[in-house]
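**Student:** Numbering (the numbering used here), first residue to last: 8 to 121.
Where is the CB? At the ideal position from N, CA and C, for every residue including glycine.
Quick one: the structure is below, and I'll ask about it shortly.
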């Protein structure tokens with residue numbers, strides 16, 4: 008059973024990483040940036056987004072990250088989850104589609120193993 012203390016990183020993260028950050032996620036990213044918390048944008052194809060630095064990988068972020076919002080193509084998610092585990096991210100929200108709902112149970116199972 009999960010304790011309230013364990014849910015703190017979900018409801019009150021000290022730092023959030025948006026992995027796969029893009030202009031298409033402005034409705035998620037802009038409110039987080041405007042709220043003034045620590046938000047790290049991760050996209051290896053961008054140097055900057057919304058006036059903020061983009062990191063090429065989660066490992067490049069020097070500070071601890073409590074919460075990761077993952078918005079990358081489904082086939083990249085297992086690798087991103089492994090990066091999150093290595094970084095010590097406590098909460099991962101996968102915003103990607105293309106798993107069991109389209110018959111890719113193998114990817115879904117790989118994410119669970121990661």
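Starting from the C-beta of residue 94, find all residues in its chain whose C-beta is less than 7 Å away, skip the five residues before and the five after it, and write them out in chain order.
**Tutor:** So the list reads 65, 66 and 72, once near-sequence residues are dropped.
**Student:** On a Cα-Cα basis, can you pick out the residue from 10, 11, 16 and 12 that is closest to residue 99?
**Tutor:** It is 16.
**Student:** Pull up the CB-CB distance for residue 79 and residue 27, whole angstroms please, since I reckon it's below 8 Å.
**Tutor:** Residue 79 to residue 27, Cβ: 4 Å. Contact.
**Student:** Helix or strand or just coil, what does DSSP make of residue 55?
**Tutor:** Residue 55: strand per DSSP, three-state reduction.
**Student:** At the level of alpha carbons, what is the spacing between residue 18 and residue 11?
**Tutor:** Between residue 18 and residue 11, the C-alpha separation is close to 10 Å.
**Student:** Cβ atoms of residue 47 and residue 22: under 9 Å apart, would you say?
**Tutor:** Against a cut-off of 9 Å, the Cβ pair of residue 47 and residue 22 comes out as a contact.
**Student:** Run through the DSSP bridge pairs and tell me what residue 61 is partnered with.
**Tutor:** 48, per the DSSP bridge assignment.
**Student:** Under three-state DSSP, which class holds residue 40?
**Tutor:** Residue 40 falls in the helix class under three-state DSSP.
**Student:** Pick from 116, 57 and 33: whose alpha carbon is nearest that of residue 86?
**Tutor:** That would be 116, whose Cα lies nearest to the Cα of residue 86.
**Student:** Do residue 35 and residue 25 have their CB atoms nearer than 9 Å?
**Tutor:** For residue 35 and residue 25, yes; Cβs fall inside 9 Å.
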